[in-house]
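Residue numbers (the numbering used here), protein chains in the order written: chain A, 4 to 427; chain B, 4 to 427; chain C, 4 to 427; chain D, 4 to 427.
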């Protein structure tokens with residue numbers, strides 16, 4: 004299904020008076036509102052192709068209805084999101100779940116929905132039917148050279164799909180590690196992984212990047228071979244200038260200071276990509292901003308400060324992507340909430356008075372530092388974000404319009420109640 | 004020193020135009036602003052007598068200047084806070100750090116500063132000079148009956164001081180526990196503690212409460228004898244109707260859902276008191292709201308919902324107190340920030356549309372539940388809180404006025420640079 | 004397949020000399036070796052019917068071969084384990100994964116393998132095909148009465164199956180909870196759950212117990228309605244004398260002192276059952292004893308001390324069960340390792356010099372307390388455990404014999420390489 | 004006081020028969036017992052000068068009696084330990100707590116007690132009386148250049164003391180960091196710290212090392228500027244070949260896999276030193292091996308494997324030191340327990356059948372890998388460790404002899420009951 008421009012316009016005109024009042028107040032309170040809006044308009048968050056269906060846990064999955072049955076329908080879903088919020092103009096493909104069949108028609112569809120192809124993702128954490136070797140004991144780290152080779156070739160295959168589509172980055176998330184003490188020689192696992200990544204690195208086109216994602220634990224429950232930012236940075240440095248670290252918010256030990264990790268990776272010129280989600284316990288993959296919105300702001304505060312210090316373009320300097328699992332919400336509504344939370348945190352970070360903060364820091368005036376950051380965070384920027392969305396052609400209230408238009412009901416009637424999207 | 008009314012008035016009139024504009028907007032956005040303001044005016048947070056000096060860690064303490072040297076100066080400090088924010092009208096005494104000398108003059112001083120005496124706190128986690136027995140291996144739990152007796156008598160002594168001052172609650176925080184496996188028979192430790200508490204309970208006046216505080220760990224690093232809400236509730240139930248649990252935000256294992264604990268304790272009619280602070284790692288005792296402001300709101304959301312369900316008065320139904328340590332901030336500024344964060348979270352909780360939330364819950368509409376709570380949290384209520392403070396006679400911006408009036412400088416000139424307040 | 008007595012005898016006679024030398028030394032070092040052996044022989048650990056296949060995570064499952072395809076084959080597997088170690092003489096059934104068809108033949112099979120039917124387990128954390136209502140938003144807690152009713156009836160059905168088989172306990176593990184703040188009224192969720200449990204409780208035969216299992220998080224990632232031992236105890240106390248708490252080692256927040264929980268629940272007379280596994284991060288469901296063997300010993304130390312204080316029979320006083328997931332090991336080998344670790348920890352706990360420990364505790368001689376516990380733990384009791392196993396007719400080295408007899412290969416040849424057992 | 008050789012001999016002869024029986028059995032069970040003993044004899048663990056008094060927490064300190072009042076008495080205490088266990092033949096000095104007065108006499112004393120001077124430790128986490136600038140807001144990271152300079156000069160001063168004594172390493176533990184979000188520009192804090200360390204590095208003699216210790220949190224509760232191994236490694240790499248990382252077991256986030264960190268740092272040639280202790284919650288600084296003895300073994304397993312792979316000498320390749328706090332035990336007994344636990348873990352690691360493990364790893368035979376490691380850990384090597392101690396001239400049971408000789412009582416009678424050693 005498709006949302007028509009007139010539907011958005013009708014919706015917006017109904018909400019216009021309220022929005023105008025709030026926006027006028029916010030704009031009068033906030034210095035530089037126009038520049039903030041300009042940056043918000045440019046900022047796009049990629050949607051992963053596997054996040055359009057209902058997620059699950061090892062205990063079960065409770066499917067919703069109308070889930071996309073193929074890549075084309077996934078793109079249709081992202082097209083709906085982007086139509087509503089104008090900030091979801093990119094898709095991140097997962098191979099082999101979403102191998103594009105007819106490249107030309109997929110690219111035409113992307114153009115129709117105004118979507119770019121973000122980083123492509125390989126999968127060596129599951130076995131596919133008819134796969135020669137199993138990844139039960141790891142892929143790029145495996146003690147068996149033939150298995151490493153199979154995994155390397157899969158990654159090279161993924162790069163090729165990405166080239167066809169116009170993507171320019173590969174994300175490698177490895178489940179590799181061990182579940183019990185003694186299972187691995189951890190040094191050899193590192194070295195095998197490095198050699199494997201080097202072969203993949205060789206296959207990257209010149210302008211491509213490779214993102215080496217890290218994760219503290221799960222699905223392996225003793226060690227993970229790319230387990231933290233320090234290990235990822237070691238790999239990225241040994242690989243070369245096209246290799247970067249990717250930070251996923253849920254991939255840390257309890258209480259980790261992710262803001263600091265972000266700041267240091269930017270300092271080292273090695274932050275490449277970012278996966279948004281939220282969590283209370285582990286890699287819970289919840290809606291971004293749903294549990295710790297202040298932490299999200301603090302992270303964006305470091306991102307903005309650190310990118311500005313290097314002269315990086317906010318919109319294109321890093322790969323921005325959501326990586327969440329929608330277990331109890333409609334996936335599209337969930338994604339709308341996540342993108343909204345990201346835009347708000349980004350807007351807040353843009354609003355921080357950097358000069359005042361730097362002065363307070365220079366005086367170790369901790370009270371004032373807190374006043375500045377919390378004062379910014381407490382400022383209600385929802386109308387600023389909405390204005391950016393409106394100017395870009397989106398809906399004043401995406402979730403409300405999504406519900407008013409009965410999008411999910413229409414997807415169900417078109418696709419069926421019992422579809423299950425590929426993914427986790 | 005004292006802040007004069009005219010100083011507050013001058014300050015307020017300077018900030019009036021800005022405040023008025025923001026308040027008018029907020030009031031127009033927020034249903035029931037007047038009722039919220041009314042409740043905010045009544046809400047008072049007790050300041051502990053030990054939190055007026057610079058705190059420290061086991062690695063050191065970096066004292067500030069002008070710290071209060073005795074109980075009278077501590078009351079003076081709280082008087083200053085209360086003059087500024089009109090929400091700090093209570094003091095929580097710690098015995099033996101603050102044994103009142105002349106009761107009549109202390110009460111007169113309290114009346115002058117408009118302060119009530121909140122719960123009194125005993126201390127059996129340190130040895131005092133000339134104490135007969137050591138609490139090295141616990142107090143109310145101790146294997147040695149003479150030591151238990153000494154600790155019981157101390158608590159009864161504390162109650163007497165409280166009676167003298169017009170307090171009506173005793174807070175018992177026990178460091179009792181063990182540092183190594185095997186050190187304690189944990190069942191006997193529980194039973195000794197119970198018997199000791201029963202003797203203290205017997206000494207409580209009829210209208211008094213005793214709050215049994217729990218803490219997961221520290222200063223004992225293997226087990227704590229009142230270690231979690233379940234244990235505290237066991238004690239409170241075995242003791243009787245005057246015994247309650249006290250929740251300190253920093254006293255939990257990582258990732259604990261404190262909101263749920265609060266909801267269940269209210270359900271059981273056994274939540275008695277609350278200690279505010281914030282933390283990232285353990286019992287960090289940071290400024291309330293400085294790390295997880297959304298969690299603070301969620302906790303207040305449960306407090307308001309749960310107290311309303313029992314028909315409890317928000318202001319008097321529970322003992323509200325800050326319990327923080329000010330290691331790198333001026334303690335008075337830190338307390339002003341904490342109280343402000345508490346008032347904001349309380350205001351937000353009052354604003355939650357409970358009917359809409361109940362409906363969304365009844366439909367398991369998780370997206371809508373989140374929209375309601377986050378929409379409330381995102382609403383900027385700072386002007387509402389400021390209005391409540393103004394109506395009660397306080398300052399529009401307490402920290403600004405505190406700095407403009409050079410309060411700390413004056414305290415230093417009056418008390419000296421190298422004073423050290425009793426406390427942690 | 005079946006392991007024949009002569010095969011065990013041959014194996015044992017090969018290992019006899021070595022065993023004898025080690026056992027003689029151990030017996031000479033250890034006071035009361037005979038009594039310990041006697042208790043070890045009686046101690047049986049139930050095997051859950053769902054743990055005989057390869058486990059998985061939400062990211063994937065890497066099946067082994069020869070997994071049991073039905074209840075009969077699961078019993079065959081447990082029969083093999085019990086034949087080897089003589090300590091796995093019970094099965095814990097999961098409904099609906101293992102609904103017994105012909106009761107008489109199932110009971111005959113159990114008798115043949117010398118297996119008892121331990122607690123039966125209900126499942127309301129997944130939807131079954133053709134189920135009227137979904138448990139997506141909870142079962143016994145659900146806001147919808149019809150869904151609660153369905154879940155209640157399922158539990159009553161499970162009790163009936165248990166009665167048929169001669170079981171005498173029901174384990175209720177609820178995934179019920181919420182994934183996002185605001186999703187639930189946590190008090191109402193508690194009360195709905197309590198009412199539902201009361202109906203189930205009514206259906207229990209007089210001599211039955213119901214175990215209310217708790218879990219901190221997962222699959223819900225914000226709150227769990229029976230989230231910790233305190234909540235479970237509240238339910239058990241409100242339900243009545245047949246209701247107990249069940250402790251699963253992996254169901255706690257980080258760093259929880261499980262030993263203390265066990266001690267207190269025994270003190271309250273409300274510990275009912277125990278699920279063994281191990282973990283480093285969360286509910287990792289690893290082989291018992293593989294990560295924290297000293298903690299396992301400390302827990303057994305409390306179990307033995309606490310049960311003895313109440314005069315409880317070690318073998319029958321609590322329901323003992325393994326609850327693990329075998330992601331990278333042969334499930335049967337994994338279970339043999341788990342049972343061995345349990346027997347060792349139990350043997351060590353039996354060996355603790357309780358009189359000496361009580362004396363050291365009475366003197367707060369912490370160094371000596373540690374010497375006693377660690378001295379016991381460091382003592383190599385493997386030969387004592389092996390002797391108990393030999394006297395009961397088992398194998399000197401179960402894993403070695405399992406491999407020598409090529410049990411897995413034979414199961415694969417009998418059942419096929421690509422079977423997948425029901426379960427997680 | 005001093006322990007005489009004849010006292011050790013008497014003690015040993017009393018215990019000889021028992022020891023001999025156990026040792027003979029252990030030696031017959033364990034391949035290569037002689038080589039293990041040889042390595043154990045050479046292995047020495049340094050004792051920090053600040054760990055000889057009773058430790059404390061921010062809540063209090065419960066002093067024991069007879070604590071050393073100066074450096075000479077601290078050396079006397081370590082001399083006693085070394086006399087008893089022959090494995091504590093080194094002292095690690097902390098400046099300014101233990102500035103050596105007369106170098107020649109201190110060196111003579113060391114020679115008399117057979118002690119070497121291990122790494123010297125600087126202290127910029129506390130203010131000393133009459134210090135020009137405060138470290139309240141950090142030292143090497145400070146925004147104020149004058150403060151950084153003071154801290155740099157202090158470190159250079161510490162190096163000079165070390166040179167005088169014959170030490171060859173400097174350990175830099177920084178408390179630097181921030182307690183609240185926004186307090187620091189984390190990138191600038193890193194860079195200031197790096198520049199400061201570079202100046203210190205320049206002052207190192209050619210054959211010296213500098214150990215850059217990391218810690219996740221405390222005493223700062225938001226960020227730490229050298230917060231994890233990744234940050235420490237960044238510093239060490241930027242500094243040069245004399246800079247190394249130092250791992251303290253208690254300085255990690257919950258659930259960190261320290262074994263893996265050790266393996267990777269050895270792989271990178273950047274592991275320099277090691278601080279032993281144990282913990283359940285945070286940096287609890289408990290007796291080594293008292294909480295997680297299996298983890299200690301796993302760490303030693305990686306140490307031995309990784310050092311052997313680089314051809315490093317076990318005894319001298321890394322700086323081995325205890326860093327614990329003795330809150331409820333006699334510090335000397337506590338240290339005896341820690342050293343014993345370290346020697347046992349080292350002995351176990353030496354016993355691991357590396358060839359069999361490598362084979363099992365090469366086959367991804369996870370069950371066998373676990374059997375090998377756990378089989379080694381379960382083997383009782385206490386008699387092997389005791390034999391090594393005896394051959395080196397130590398006591399069969401150091402704690403027993405310490406108590407039999409009433410060492411503490413004599414120290415109290417010599418030094419007084421109310422002495423307090425400098426330190427934490």
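For every residue, glycine included, the Cβ atom is placed at its ideal position computed from N, Cα and C.
Burial state of residue i (16 or more Cβ within 10 Å)
i: residue 135 of chain B; result: exposed
i: residue 107 of chain C; result: exposed
i: residue 168 of chain D; result: buried
i: residue 9 of chain B; result: exposed
i: residue 16 of chain B; result: exposed
i: residue 420 of chain B; result: exposed
Contact belief for residue i with residue j at Cβ below 8 Å, rounded distance in angstroms
i: residue 97 of chain A; j: residue 124 of chain A; result: 5 Å
i: residue 236 of chain B; j: residue 233 of chain C; result: 6 Å
i: residue 252 of chain D; j: residue 280 of chain D; result: 5 Å
i: residue 127 of chain D; j: residue 157 of chain D; result: 6 Å
i: residue 428 of chain D; j: residue 346 of chain D; result: Nothing about residue 428 of chain D can be read from this structure; chain D reaches only from 4 to 427.
i: residue 219 of chain C; j: residue 177 of chain C; result: The Cβ separation is near 13 Å, so there is no contact.
i: residue 324 of chain A; j: residue 278 of chain A; result: 6 Å
Beta-carbon gap between residue i and residue j smaller than 9 Å
i: residue 299 of chain B; j: residue 327 of chain B; result: no
i: residue 334 of chain B; j: residue 76 of chain B; result: no
i: residue 430 of chain A; j: residue 294 of chain A; result: Lying before the first or after the last residue shown, residue 430 of chain A is absent from chain A, which here runs from 4 to 427.
i: residue 292 of chain D; j: residue 340 of chain D; result: yes
i: residue 250 of chain A; j: residue 229 of chain A; result: no
Where are the alpha helix (DSSP H) runs, 4 residues long or more, that stay fully inside the region 248–318 of chain C, in chain order? 261–270, 296–312
Notebook entry, point to check: If we count Cβ pairs, one from each stretch, closer than 8 Å, do we get three or more for the region 232–248 of chain A versus the region 236–255 of chain C?
Noted result: no
- Query: Which runs of the beta strand (DSSP E) fall wholly inside the region 87–165 of chain B and span at least 3 residues, in chain order?
  - Reply: 93–95
Touch check for the region 80–90 of chain D and the region 376–396 of chain D: three-plus C-beta pairs under 8 Å? yes
Contact between the region 195–207 of chain C and the region 366–382 of chain B: three or more CB pairs below 8 Å?
no
The region 172–190 of chain D / the region 112–119 of chain D touching (three or more Cβ pairs under 8 Å):
no
- Message: Can you confirm whether the region 148–166 of chain D touches the region 351–370 of chain A when touching is taken to mean that 3 or more C-beta pairs between the two stretches lie within less than 8 Å?
- Response: no
Handout entry: Complete runs of the alpha helix (DSSP H) confined to the region 187–224 of chain B [at least 4 residues]
Key = 189–205
Touching by the beta-carbon criterion (3+ pairs, under 8 Å), the region 363–377 of chain D and the region 404–418 of chain D: no
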